[in-house]
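*Asks:* I have a structure I would like to understand better, so I am pasting it below and will then ask my questions one at a time.
In this note's numbering, the protein residues as written are -5 to 175.
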């Protein structure tokens, strides 16, 4: 069972930080920390396919065939397969290269574009993992600043989304993220 450890109202949006399993989130969409090819071989992506079924990988392959690779900072979308979430929004965050290659803007775009896609689809709720801060090497504290900035800016223009969640496995990291809100 996922546990809410932080909650705050930001404009008209309820923001929550949850400790638990992203694939068990009861939201309209979960966000996948994806690569540009939507090849879900490891990390969060592999966990999502294991939980939601291979249909997510099949739909991802179809998406890439039809639309080409997803640029860093951009998003693609598939169904949620067998997940509670109706959709998986695949956000391509940046690989950390020391912070001098536009990583902050690219990570901001990955978060903001995920939120925008959910809003465009008239979804009410969305849950994120800590995009780019795992195998992509983005320093977690720096990533938290970007997550916060993107959410605060999006909250000023959101139409449909009324709940944003971050779901993390590690309670210490979840508490650290809460300090940025």
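Beta carbons: idealized from backbone N, C-alpha and C, even for Gly.
1) So, do the region 89 to 98 and the region 117 to 124 have three or more beta carbon pairs nearer to each other than 8 angstroms?
2) Could you tell me the distance, in whole angstroms, from the CA atom of residue 67 to the CA atom of residue 135?
3) Just list the beta strand (DSSP E) runs in the region 22 to 53, keeping only unbroken ones of 3 residues or longer that don't cross its boundaries, in chain order.
4) What are the boundary residues of the beta strand (DSSP E) that residue 73 is part of?
5) Relative to the C-alpha of residue 147, which candidate in 6, 28 and 18 has its C-alpha closest?
6) Given a threshold of 16 other Cβ atoms within 10 Å of its Cβ, counted over all protein chains shown, does residue 151 qualify as buried or as exposed?
7) Does DSSP put residue 81 in a helix, in a strand, or in coil?
8) Does DSSP put residue 105 in a helix, a strand or coil?
9) Once you ignore the five residues that flank residue 72 on each side, which residues in its own chain have a CB closer than 6 angstroms to its CB?
10) Is the beta carbon of residue 90 closer than 8 angstroms to that of residue 132?
11) According to DSSP, is residue 136 helix, strand or coil?
12) Give me the DSSP bridge partner(s) of residue 159.
*Replies:* The relevant details are as follows:
1) At 8 angstroms Cβ cutoff, the stretches do not touch.
2) By 1-based counting over the chain shown, the position of residue 67 is 73. By 1-based counting over the chain shown, the position of residue 135 is 141. Spanning the two alpha carbons is a distance of roughly 19 angstroms.
3) Here the runs fully enclosed are 23 to 28.
4) On the chain shown, residue 73 is found 79 positions in, with the first residue counted as 1. Its beta strand (DSSP E) spans residues 69 to 73.
5) Residue mapping note: residue 147 aligns to position 153 of the chain shown, counting from 1. Nearest of 6, 28 and 18 to residue 147, Cα basis: 6.
6) As a position in the chain shown, residue 151 is number 157, starting the count at 1. The residue is exposed, with fewer than 16 neighbouring Cβ atoms inside 10 Å.
7) Walking along the chain shown from the start, residue 81 turns up at place 87. Residue 81: strand per DSSP, three-state reduction.
8) What you label residue 105 is simply residue 111 of the chain shown in a count that begins at 1. In the three-state reduction of the DSSP assignment, residue 105 falls in the helix class.
9) Mapped onto the chain shown, residue 72 falls at position 78. These residues qualify, in order along the chain: 50, 53, 54 and 82.
10) Locating residue 132 in the chain shown gives position 138, counting from the first residue. Locating residue 90 in the chain shown gives position 96, counting from the first residue. Yes, these two residues count as a Cβ contact at 8 angstroms.
11) The sequence position of residue 136 within the chain shown is 142, counting from 1. Helix.
12) One-based indexing of the chain shown puts residue 159 at position 165. DSSP lists 10 and 121 as partners of residue 159.
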